[in-house]
Structures are given as structure tokens and as C-alpha cells.
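**Student:** Numbering (the working numbering), first residue to last: 8 to 251.
Please see the structure below; I have some questions.
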């Protein structure tokens, strides 16, 4: 798999997504930062990929609420080098990181993507957030993934119609309320298999609301794929009462 085109190799030499050290070969991280990359633990919720050991392999939230998707998965835990790279990508105007992070996502999720049929639908930004950030991080990751995987990309099948506040710092209930009514789905999703793509899954409130809207519009099967899976507020704040 080629990570870069020859022209880009010359114009934009590969560099570490965390510390900007020039790399001897195309990749996402230098040797030092690569040691701080945490893969998703093999023990996690079978429905939402929440890291941890749970009764019947199902976290507290999914056991109570279920999920509007068929499967959610991420190759990495949102910590260490991955978390720092994502932060730079989203909040430090580093749209150039879409290529190495998108290729990393594809490389580490090929075996799972084979079990996630359908077109790629990125979780969209609202127009106001897009104007502020100047690029849509999920759409950029999706473009890279689709370019090198041959998957179909649909940018207009899901729209964010509500300019929500950032989820950082909000409680679980507040996160859900914040994104309620935030999305509208195209009629084209009816009877389709979809892969909803984003950079990070945390509590899952945004993805759940997006999937709920897609389901209501007739989507037949929905998978959720992200670069990283954060430990949710429930997992990081206190142990689940359902955990053994």
C-alpha cells in the first residue's frame, strides 16, 4: 500500500503527526511517538468498542440503551500519541494530517472493513463550525480512506442542521441533549448499508443521534468506524456497576 504519491513525497516529506520529525519512510509516527500509540484493547464492549471488561461483553450504556448501529469499532484507544495527533489535526489547523491518519486508519482497519459493508458517510460538521475550522476532519479522513480502498463516499447523505456546542466538558445527559435534532438524512439512505466515519467515538451521543436519524430515513445496516475510541465518562469516572 502506497501512503504517498511521488510528487507529495518531494513537496511534503513524511513527518511524524505528533512531533513533526521527518520520517525515513511514509508513515504517521516517528519511532519514539509510535511507542505511545495504544491499540484498542482486545477486551471491549462488543457493541460500541468501549474498552474494558463487562458482563456479557456489553458495557452499561449499551446494556441499558442498546445501539442504533450494528457494530462500532476503532483500531486505537484515544490516548497517547493518537490523542495528540487528533488534537493537532482538529484544533491546530493541521489538515495535512488527514493523509497519514487516514492511511493509518485504513491500514489498521482493513480486516474490520471487510465486515462493514456499504458506502462511507462521514459525520458532518455544521457550516458554522466548518467556516471556523476551514476543513471537515471526518470528511477528509473519509476521502483518503475511499481513495485507497475503492469504497464509495457520500458527503451529502447526512447533514448537520443544528450548530451544537462542543461536547467537551458536558455530562453524558447533556451530550445527548446537545446533539438531539442536530442531523438530517437524505432519502438516498433508504435500504442502504452505511459506514458512519468519524475521528473519535467518546460517549457515542453524536454517533447515536446520527444513526437514529439514518435509521428513521430507512438505512438498512449501519456500522460506525473511527480512528480512536475514548474511554467514556462512565468508564473513566467510575467503574460500571455491571462489571464483574
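By construction, the Cβ of each residue, glycine as well, lies at the ideal position given by its N, Cα and C atoms.
Because the structure is a prediction, the values reported are computed rather than measured.
Pull up the DSSP beta-bridge partners for residue 51, would you.
**Tutor:** 58
**Student:** Rounded to whole angstroms, how far is the Cβ of residue 205 from the Cβ of residue 97, which I believe are closer than 8 Å?
**Tutor:** So it is not a contact: roughly 11 Å between Cβ atoms.
**Student:** So, does the segment 137-152 touch the segment 107-120, judging by three or more C-beta pairs under 8 Å?
**Tutor:** yes
**Student:** Round the Cβ separation of residue 88 and residue 153 to the nearest angstrom and send it over; I've been treating them as touching at under 8 Å.
**Tutor:** Actually they are not in contact, since the Cβ atoms of residue 88 and residue 153 sit about 25 Å apart, beyond 8 Å.
**Student:** Using the Cα positions of residue 157 and residue 200, report the straight-line distance between them to the nearest angstrom.
**Tutor:** 16 Å
**Student:** Which residues mark the beginning and the end of the alpha helix (DSSP H) in which residue 41 is found?
**Tutor:** 38-41
**Student:** May I have the straight-line CA-CA distance separating residue 173 from residue 81, to the nearest angstrom?
**Tutor:** 21 Å
**Student:** Look at the alpha carbon of residue 120 and the alpha carbon of residue 70, and state the distance between them as a whole number of angstroms.
**Tutor:** 25 Å
**Student:** Tell me which residue opens and which closes the alpha helix (DSSP H) that residue 184 is part of.
**Tutor:** Boundaries of the alpha helix (DSSP H) around residue 184: 179-186.
**Student:** How many Å lie between residue 237 and residue 194 at the Cα?
**Tutor:** Straight-line measurement puts the Cα of residue 194 at about 32 Å from the Cα of residue 237.
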